[in-house]
Amino acid sequence: MTELSGKRIVVGVTGGVAAYKAAELVRLLVKAGAAVDVALTAAGSRFVGAATFQALSGRPVWTDLWDARPDNGMAHIELTRGAAACVIAPATADFIAKLAHGLADDLLATLCLARACPLLVAPAMNRQMWENPPTQRNIAQLRADGVGVLGPASGEQACGEEGLGRMLEAAEIFEEIVAALQPKPLAGRRVLLTAGPTFEALDPVRGITNSSSGRMGFALARAFRDAGADVTVVAGPTEMPTPRGVARVDVVSALDMRAAVLQALPGQHIFVGVAAVADYRPAAAAADKIKKSAAPLTLQLAANPDILAEVAARPDAPFCVGFAAESRDLAAYAEGKRQSKKLPLVVGNLVADGLGGETNAVTLFDAKGAHPLPPGEKLAVARDIVSHIAAMIDPCTV
Ligand code: PMT
Numbered sequence: 000m001t002e003l004s005g006k007r008i009v010v011g012v013t014g015g016v017a018a019y020k021a022a023e024l025v026r027l028l029v030k031a032g033a034a035v036d037v038a039l040t041a042a043g044s045r046f047v048g049a050a051t052f053q054a055l056s057g058r059p060v061w062t063d064l065w066d067a068r069p070d071n072g073m074a075h076i077e078l079t080r081g082a083a084a085c086v087i088a089p090a091t092a093d094f095i096a097k098l099a100h101g102l103a104d105d106l107l108a109t110l111c112l113a114r115a116c117p118l119l120v121a122p123a124m125n126r127q128m129w130e131n132p133p134t135q136r137n138i139a140q141l142r143a144d145g146v147g148v149l150g151p152a153s154g155e156q157a158c159g160e161e162g163l164g165r166m167l168e169a170a171e172i173f174e175e176i177v178a179a180l181q182p183k184p185l186a187g188r189r190v191l192l193t194a195g196p197t198f199e200a201l202d203p204v205r206g207i208t209n210s211s212s213g214r215m216g217f218a219l220a221r222a223f224r225d226a227g228a229d230v231t232v233v234a235g236p237t238e239m240p241t242p243r244g245v246a247r248v249d250v251v252s253a254l255d256m257r258a259a260v261l262q263a264l265p266g267q268h269i270f271v272g273v274a275a276v277a278d279y280r281p282a283a284a285a286a287d288k289i290k291k292s293a294a295p296l297t298l299q300l301a302a303n304p305d306i307l308a309e310v311a312a313r314p315d316a317p318f319c320v321g322f323a324a325e326s327r328d329l330a331a332y333a334e335g336k337r338q339s340k341k342l343p344l345v346v347g348n349l350v351a352d353g354l355g356g357e358t359n360a361v362t363l364f365d366a367k368g369a370h371p372l373p374p375g376e377k378l379a380v381a382r383d384i385v386s387h388i389a390a391m392i393d394p395c396t397v
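If you read the sequence shown in numbering that gives the first Met the number 0, its first letter stands for residue 0, the second for the next number, and so on.
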């Protein structure tokens, strides 16, 4: 089961060279369990033929407004009825103009006008075409009409020029489709998270750290974003990519993390401490590499500030959520942390379940007791945590 299992998505392909990426998008959607109906414009079929989309989707491809296959002869109505979303990728300047003005002169434009499901467009065009005032006016109109505009990205273009106008990659569009289908209980909320490990330098070469990958923190960042929130992540050293639309501040040590959190804190509604912050740092980092000797080496450590406890103790504290990573006695330690730091919610996990890997098994601890969540991929677990938080903040939204 994936988030798209049992859903039907209409993919509209218009006439741009990025149509080759639409083939990959269809493949990703089908792999995720979606039923995909492809509607191809005449210009789109100049770039990638219907046979390719039919083979990838395993379903007939739609090109003609007068297609007689539906019993009532109304493909332009039937195709989007019951669909979860309609995605135009690539969306040319011409097609965007048609959408903005409600034109209906071919099957795809007509079904967009007749649809009852959300519409997403992934623009793809030369940078000058993108920047030109008519295109910008049309895009603003689509946004005002509630159409999701995905990208475009900046970079090298098929015409050889550089700039904004490249269609997003298929995987990015796929992620945006999944995001668009999530409920938005946190629309208008601002969320600050910490993620990953910290690194406490001992000398210019070595330091104290841990094996937090940052996966749980960035999965939560994505789940919060998908739930409609504005998200900022303060991340310790991790290679995790930043979800689109999420702001990121990279830090190294616990002291850096504390400073970045305090700077980003004003105006935040929710703060979540997912980072595995080192509790201690070397009392003094050596300026030069510490040389090996036969004598035992004793390190003097100083306690790091507890960032979460400090944020939660502020008079203007946002809704604060802590994590507890334990090697045993999860319930006792997690609930103890919740009470000592005066937090409404703590997410407890055993290090064997959650540290470093792709999956996690967590139990939520709040004033009502312990709530074990189904174990699974970190993104799925993160979505469950976010919906619990949304329900605690505003029971009416969920
Ligand atoms: O990054 P992954 O590989 O995906 O692993 C995820 C995880 C196991 C790191 C994550 O799920 C998790 O449990 N994060 C918290 C780890 C931790 O440091 O727990 P703790 O029990 O030591 O700290 C309790 C809470 O206080 C945490 O919210 C922590 O961010 C915060 N804290 C701790 C120390 C400190 N100096 N400042 C803090 O803010």
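Even glycine gets a Cβ: it sits at the ideal position worked out from N, Cα and C. Keep in mind it's a predicted model, so treat the numbers as computed, not measured.
- Message: For Leu185, tell me which candidate among Gly145, Thr208, Ala226 and Ser153 has the shortest Cα-Cα distance.
- Response: Locating residue 185 in the sequence shown gives position 186, where the first residue counts as 1. The shortest C-alpha separation from Leu185 is found at Ala226.
- Item | Segments assigned alpha helix (DSSP H), at least 4 residues, entirely inside the region 55-116 | 74-77, 92-100 and 106-113
- Hey, could you find the ends of the beta strand (DSSP E) Pro133 is sitting in? Start at 1 with the first residue of the sequence shown, and residue 133 comes out as number 134. No beta strand (DSSP E) contains Pro133, which is instead part of the alpha helix (DSSP H) from Pro132 to Ala143.
- Query: Do Arg165 and Ala152 have their C-beta atoms closer together than 8 Å?
  - Reply: As a first step, residue 165 is located in the sequence shown; it is residue number 166 there, counting from the start. As a first step, residue 152 is located in the sequence shown; it is residue number 153 there, counting from the start. Yes, the pair counts as a contact, with Cβ atoms nearer than the cut-off.
- Query: In whole angstroms, what separates the C-alpha of Pro59 from that of Val12?
  - Reply: Locating residue 59 in the sequence shown gives position 60, where the first residue counts as 1. Locating residue 12 in the sequence shown gives position 13, where the first residue counts as 1. Those two C-alpha atoms are separated by around 14 Å.
- Starting from His387 and walking both ways along the beta strand (DSSP E), at which residues does that stretch end? Translated into positions along the sequence shown, residue 387 becomes position 388. Segment Lys377 to Ile392 is the alpha helix (DSSP H) holding His387; no beta strand (DSSP E) there.
- Message: Could you check whether the region 358-365 touches the region 331-340, counting it as contact only if at least three pairs of C-beta atoms, one from each stretch, sit closer than 8 Å?
- Response: yes
- Residues near Gln299 in its chain [Cβ-Cβ closer than 8 Å; skip 5 each side]: Here residue 299 refers to the residue found at position 300 when the sequence shown is read from its first residue. Correct list, in chain order: Pro281, Ala282 and Ala283.
- If you compare alpha carbons, which of Asn125, Ala258 and Met239 is closest to Gly356? What you label residue 356 is simply residue 357 of the sequence shown in a count that begins at 1. Per the Cα distances, Met239.
- Message: For a quick check, are the C-beta atoms of Ala275 and Pro373 less than 8 Å apart?
- Response: As a first step, residue 275 is located in the sequence shown; it is residue number 276 there, counting from the start. As a first step, residue 373 is located in the sequence shown; it is residue number 374 there, counting from the start. Not in contact: Ala275 and Pro373 (Cβ atoms no closer than 8 Å).
- Item | Three-state secondary structure (DSSP) of Leu167 | Position 168 of the sequence shown, counted from the start, is the residue given in the question as residue 167. Of the three classes helix, strand and coil, the one that applies to Leu167 here is coil, per DSSP.
- Query: Starting from Ser339 and walking both ways along the alpha helix (DSSP H), at which residues does that stretch end?
  - Reply: As a first step, residue 339 must be located in the sequence shown, where it is residue number 340. For Ser339, the enclosing alpha helix (DSSP H) covers residues Leu329 to Ser339.
- Message: Tell me which residue opens and which closes the alpha helix (DSSP H) that Ala218 is part of.
- Response: Looking up residue 218 in the sequence shown gives position 219. From DSSP, the alpha helix (DSSP H) with Ala218 extends over Arg214 to Asp225.
- Simplified DSSP state of Gly356, which is helix, strand or coil: For this step, residue 356 is matched to residue 357 along the sequence shown. Coil, per DSSP.
- Query: Cα separation between Gln267 and Glu174?
  - Reply: The residue given as residue 267 occupies position 268 in the sequence shown. The residue given as residue 174 occupies position 175 in the sequence shown. If you take the alpha carbons of Gln267 and Glu174, they lie about 25 Å apart.
- Between Met73, Pro122, Ala194 and Glu130, which lies nearest to Met215 when the distance is taken from Cα to Cα? As a working note, residue 215 is residue 216 in the sequence shown. Ranking Met73, Pro122, Ala194 and Glu130 by Cα distance to Met215 puts Ala194 first.
- May I have the straight-line CA-CA distance separating Leu329 from Arg126, to the nearest angstrom? For the purposes of this step, residue 329 is taken as residue 330 along the sequence shown, with counting starting at 1. For the purposes of this step, residue 126 is taken as residue 127 along the sequence shown, with counting starting at 1. Answer to the nearest angstrom: the Cα atoms are 54 Å apart.
- Asp365 - DSSP class collapsed to helix/strand/coil: Position 366 of the sequence shown, counting from 1, holds the residue named residue 365. Strand.
- When DSSP labels each residue in this structure, what does Ser153 get in the three-state scheme? What you label residue 153 is simply residue 154 of the sequence shown in a count that begins at 1. Note: Ser153 maps to strand in three-state DSSP.
- Task: Could you give the DSSP three-state label for Asp229: helix, strand or coil?
- Result: Reading the sequence shown from its first residue, position 230 is the one you call residue 229. In this structure, Asp229 counts as strand in the three-state DSSP scheme.
- Message: Run through the DSSP bridge pairs and tell me what Cys158 is partnered with.
- Response: Position 159 of the sequence shown, counted from the first residue, corresponds to residue 158. Cys158 is not bridged to any residue.
- Query: What first and last residue would you give for the beta strand (DSSP E) that runs through Ile8?
  - Reply: Taking the first residue of the sequence shown as position 1, residue 8 is located at position 9. Start and end: Arg7 to Val12.
- Can you give me the start and stop residues for the beta strand (DSSP E) that Phe198 sits inside? In the sequence shown, residue 198 corresponds to position 199, counting from 1. That residue, Phe198, is in no beta strand (DSSP E); it is neither H nor E in DSSP.
- Message: Against chain B, with Cβ distances strictly below 8 Å, would Leu201 count as a contact?
- Response: This model lacks chain B altogether, as it is built from one protein chain only.
- Selection from Ala316, Ala381 and Asp315 that minimises the alpha carbon distance to Gly347: The residue labelled residue 347 in the question sits at position 348 within the sequence shown. With distances taken between Cα atoms, Gly347 lies closest to Ala381.
- Query: Is Ala234 near the ligand PMT, judged by its Cβ being under 7 Å from some heavy atom?
  - Reply: Working through the sequence shown from its first residue, we reach residue 234 at position 235. No, since every heavy atom of the ligand PMT falls outside the 7 Å radius drawn around the Cβ of Ala234.
- Query: Between Leu98 and Thr62, is the Cβ-Cβ spacing less than 8 Å?
  - Reply: The residue given as residue 98 occupies position 99 in the sequence shown. The residue given as residue 62 occupies position 63 in the sequence shown. Not closer than 8 Å, so no.
- Inspect the beta-carbon positions of Val120 and Leu149 and report whether they are closer than 8 Å. Here the question's residue 120 lines up with position 121 in the sequence shown. Here the question's residue 149 lines up with position 150 in the sequence shown. Against a cut-off of 8 Å, the Cβ pair of Leu149 and Val120 comes out as a contact.
- Please classify Cys111: is it buried, with 16 or more other beta-carbons within 10 angstroms of its beta-carbon, or exposed? To locate residue 111, count along the sequence shown from 1; it is residue 112. Under this definition Cys111 is a buried residue.
- With contact counted as at least three CB pairs below 8 Å, one residue from each stretch, are the region 135-142 and the region 85-99 in contact? Contact annotation: the region 135-142 touches the region 85-99, with at least three C-beta pairs closer than 8 Å.
- Task: Compute every distance between the C-beta of Ala275 and the non-hydrogen atoms of the ligand PMT, then say whether any falls below 7 Å.
- Result: As a first step, residue 275 must be located in the sequence shown, where it is residue number 276. Ala275 Cβ: within cutoff of the ligand PMT.
- Message: For the ligand PMT, I want to know if Ser252 counts as a neighbour, meaning its beta carbon is within less than 7 Å of at least one of the ligand's heavy atoms.
- Response: Your numbering for residue 252 matches position 253 in the sequence shown. It does not: the Cβ of Ser252 is nowhere closer than 7 Å to a heavy atom of the ligand PMT.
- Span of the alpha helix (DSSP H), counted from its first residue to its last, around Ala308: Here the question's residue 308 lines up with position 309 in the sequence shown. If you look at Ala308, you'll find it in the alpha helix (DSSP H) that goes Ile306 to Ala311.
- Buried versus exposed, by CB contacts within 10 Å (16 or more), Asn359: As a working mapping, residue 359 is identified with position 360 in the sequence shown. Buried.
- Item | C-beta contact flag for Gly43 and Gly14 at 8 Å | As a first step, residue 43 must be located in the sequence shown, where it is residue number 44. As a first step, residue 14 must be located in the sequence shown, where it is residue number 15. For Gly43 and Gly14, yes; Cβs fall inside 8 Å.
- Message: For a quick check, are the C-beta atoms of Pro295 and Cys319 less than 8 Å apart?
- Response: Position 296 of the sequence shown, counted from the start, is the residue given in the question as residue 295. Position 320 of the sequence shown, counted from the start, is the residue given in the question as residue 319. Not in contact: Pro295 and Cys319 (Cβ atoms no closer than 8 Å).
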